[in-house]
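Participant: Take the sequence shown: its letter number 47 is residue 150 in our numbering, and every next letter is one higher. Beta carbons: idealized from backbone N, C-alpha and C, even for Gly. Since the structure is predicted, the reported quantities are computational estimates derived from the model, not experimental observations. Can you keep this structure in mind? I'll have questions shortly.
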Amino acid sequence: MLRFDRFFINPFDDDGISFDELSAYTTDHLGRLIAQNNGAQFNTRINATTVAFTALENCANDDGVKLGLRKARVMLKDQFRTSLPEQLGYIEGAIKSFFKEQAPEVLLECFPEGLTVFSQCRDDAVNNHLARLSSALTARSTPGGGPMPPDR
């Protein structure tokens, strides 16, 4: 008995078939269609396949580019987070050397939770801690932009 349901089964709808395999098949299939197009009988299919395959390749390329950008952003964020406590240690040292006698009070204003909070807090909270540091240092600076000399 003839089974008509086999004509409606899509053999390419399988998780085991990779994008590269589908791409290779389409390239081969399109090349064969073009080679066997003697009387221009496959022009409609060739055009439709070419347009669809070009759109698919553009999407795949776009996904690859976006993946690379996301990975680069994550790598930069991780590098920033690793170097942040060390860099803030330099700022702490500069505060101690400039404000000498007042250094403990200034450090409490700038780093109320210490430096370890920068390596332990979540990514969302880093901006709040840096804004607090910036506000404390801005409040201690002169209108010309330089730091206010300590009271002696």
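So, with DSSP's three-state summary, where would you put V168?
Facilitator: For this step, residue 168 is matched to residue 65 along the sequence shown. Three-state DSSP puts V168 in a helix.
Participant: Work out the CA separation of Q190 and L172 for me, nearest whole Å.
Facilitator: Taking the sequence shown and counting its residues from 1, one reaches residue 172 at position 69. Taking the sequence shown and counting its residues from 1, one reaches residue 190 at position 87. One C-alpha to the other measures close to 26 Å.
Participant: On the DSSP letters alone, give me the boundaries of the alpha helix (DSSP H) that N230 sits inside.
Facilitator: Here residue 230 is taken as the residue at index 127 of the sequence shown, counted from 1. Unbroken alpha helix (DSSP H) run through N230: 226-242.
Participant: Please report the Cβ distance between T185 and F156, rounded to the nearest whole angstrom; I am assuming they are in contact, meaning their Cβ atoms lie under 8 Å.
Facilitator: As a first step, residue 185 is located in the sequence shown; it is residue number 82 there, counting from the start. As a first step, residue 156 is located in the sequence shown; it is residue number 53 there, counting from the start. Rounded, the Cβ-Cβ distance is 43 Å, inconsistent with contact.
Participant: Taking all protein chains shown into account, do 16 or more other C-beta atoms lie within 10 angstroms of the C-beta of L105, making it buried, or fewer, making it exposed?
Facilitator: In the sequence shown, counting from the first residue as 1, residue 105 sits at position 2. Result: exposed.
Participant: From this set, R235, A163, R148, A151, which residue's C-alpha is nearest S121's C-alpha?
Facilitator: Your numbering for residue 121 matches position 18 in the sequence shown. S121 has its Cα closest to that of A163, out of R235, A163, R148, A151.
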